[in-house]
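Below: the structure, in structure tokens.
Protein chains in written order, with this note's numbering: chain A, 210 to 322; chain B, 853 to 963.
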């Protein structure tokens, strides 16, 4: 009964390739997010969708493109992968309330060689 | 102004001791201050949160202390246990804006 699930858990690929990470939540939340966590553990928001509508788009290279087919799913597609894209990518979801906690998935560790 | 400064970067505490992690902010519009706990290989999870109208909130062994005038807040873990070893993130949010995370503190509780 995983609340926020991401696939794959690990992704190893070469520079220049295109890859996708999928995320699904079964909590009935309206808002979903993508976060990037680098090797120093810094957590940085990338995107946020509310009911399939993009509401936060941080300064992220346009090689990163999120897509939300419905409010339970938020996928992340990355084109022309670079070494610097290596990180752990977390999907999260929340209800719209001000104090609503974020529920994170267990992350996808992306390694670009 | 959107930053939340967290210290220390890492912390080693003996079992049974008190772990203290500090955070400071500049944005006076911040009105929600949660702490997240992250175990290796897992995503962060909400541990405890506070709003600025109270100076302290306690849940079990975990306490948030909040100093509005100093724009600082801290997490105290009493009777620290090896199972508390994790990375802790403070965070802050202004209204419905995005959550801003601190840089994280790696806590190791030695047996």
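Even for Gly, the Cβ is constructed at its ideal location relative to N, Cα and C.
Worksheet item: Would residue 862 of chain B pass as a contact of residue 960 of chain B if the rule is Cβ separation under 9 Å?
Response: Yes, they are a contact pair.
Worksheet item: What are the boundary residues of the beta strand (DSSP E) that includes residue 224 of chain A?
Response: Per DSSP, residue 224 of chain A belongs to no beta strand (DSSP E) and is neither H nor E.
Practice prompt. Name, going along the chain, the residues of the segment 882-913 of chain B whose beta-carbon falls closer than 9 Å to a beta-carbon of chain A.
Written response: Within the segment 882-913 of chain B, the qualifying residues are 883, 884, 886, 888, 890, 893, 894, 895, 896, 897, 898, 901 and 903.
Discussion item. Residue 321 of chain A and residue 223 of chain A - do their beta-carbons sit closer together than 9 Å?
Written reply: A contact, by the Cβ cut-off of 9 Å.
Worksheet item: Looking only at C-alpha atoms, which of B/934, B/962, B/939 and B/947 sits nearest to residue 859 of chain B?
Response: Out of B/934, B/962, B/939 and B/947, B/939 has the C-alpha closest to the C-alpha of residue 859 of chain B.
Fill in: Residues of the segment 267-291 of chain A with Cβ closer than 7 Å to any Cβ of chain B, in chain order
From the segment 267-291 of chain A, no residue has a Cβ closer than 7 Å to chain B.
Item to complete: Taking residue 238 of chain A as part of the beta strand (DSSP E), name the residues at either end of that continuous run.
Response: Looking at the DSSP string, residue 238 of chain A is not in any beta strand (DSSP E), and its letter there is neither H nor E.
Practice prompt. Kindly indicate the opening and closing residues of the beta strand (DSSP E) around residue 958 of chain B.
Written response: Residue 958 of chain B -> beta strand (DSSP E) spans 957-962.
Discussion item. Taking CB distances under 9 Å as the criterion, tell me whether residue 948 of chain B reaches chain A.
Written reply: By this cut-off, residue 948 of chain B is an interface position.
Item to complete: Give, in chain order, every unbroken run of the beta strand (DSSP E) that is at least 3 residues long and sits entirely within the segment 889-954 of chain B.
Response: Runs of the beta strand (DSSP E) lying entirely within the segment 889-954 of chain B and spanning at least 3 residues, in chain order: 897-902, 908-911, 914-919, 924-929 and 938-944.
Worksheet item: Along chain A, which residues have their Cβ under 7 Å away from the Cβ of residue 955 of chain B?
Response: Near residue 955 of chain B (Cβ distances below 7 Å), the residues of chain A are 251.
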